[in-house]
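Take a look at the structure below.
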Amino acid sequence: MTLVHLAPKTFTKCGFFKQPELLASNDIALLQQECETLLQGSAKPWSGYRQFAKSGRWQASLFAGPKAPTTLYDFLGCSKKVDSIIDELLGQPEVQNLLKSQLGDDYRLWYAMIRKIEPNGSQLRLHHDLSNEMSISILLSNTTTIDGATVFVTGSNHWPRILKYFPFLYPKRLGRFLTPAIGRPGDVYFFDNATWHGRYPARSNSHTSILLSFIPKEVGAGKRIAPNGLVNKVQTNLNKVLHG
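Converting from the sequence shown to the numbering used here requires adding 54 to each position, the first position being numbered 1.
Listed below in structure tokens is the structure:
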């Protein structure tokens, strides 16, 4: 991997930024291959997602459905190769410094998912998450247009938090006001989850990405805690962020 200077000022101003060259080319190819294999498993319908979320448990769960994304939640522990690459990414000093600057010294992994947007996939309305949540998104597909991409409202991380989501404002209606997360496989996006974001509807291409979200340890205490069996078998940096 190549150590580069990340952009905390851009992150604070806009609510997100893209950073290339954090992953080696062979690691990108390996992630693409391994994640595609993991997404081929036996999937549950999205009707079961509410029960999964309500349980508050960390458990590898694959969901899929017509026009909905194919998503594997809590994928860590499913592939040693993927775990090793993620561990190395989180071990980069610049990445650690950025996480600490936003979340403090004690932060933990909140959600870890692999998501594939299928052709003709539906859009996701604009929303924001926890005010003190930060995410890392790793593109695994060549994403050159807004179609099927995650989209951001630049600077909206500074807006008053009045609503959790805009009930009727879907990305397709606001295309020209949105910034899409476009780039090449291996490009990494860092974003503040207080930034309004969503997903533009897909057309003919599929898009796969890895999403990791982090919160301060004291937030959501007791929820979504990784089991000891997983914590003990992953490497140093993942072990640290999985501790609840």
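Cβ atoms here follow ideal geometry from the backbone N, Cα and C, with glycine treated the same way.
- For residue 280, the closest alpha carbon among the candidates 85, 297, 135 and 256 is that of 297.
- Only residues of its own chain outside the window of five on either side were considered, and among them 171, 195, 197 and 202 have a CB closer than 6 Å to the CB of residue 261, listed in chain order.
- Looking at the DSSP output, residue 71 bridges to 244.
- Residue environment: residue 109 is assigned as exposed (fewer than 16 neighbouring CB atoms within 10 Å of its CB, all protein chains considered).
- Under the three-state reduction of DSSP output, residue 235 falls in the coil class, being neither helix nor strand.
- Pairing residue 273 with residue 79, the inter-Cα distance amounts to about 35 Å.
- Here DSSP, grouped into helix, strand and coil, assigns residue 123 to strand.
- Taking residue 293 as the centre and dropping the five residues before and after it, the same chain places the C-beta of 285 and 286 closer than 8 Å to its C-beta, in chain order.
- For residue 82, the closest C-alpha among the options 290, 143 and 235 is that of 143.
- Rounded to whole angstroms, residue 157 and residue 178 show a C-alpha spacing of 26 Å.
- The beta carbon of residue 185 is closer than 7 Å to those of 215 and 248 in its chain, skipping five residues each way along the sequence.
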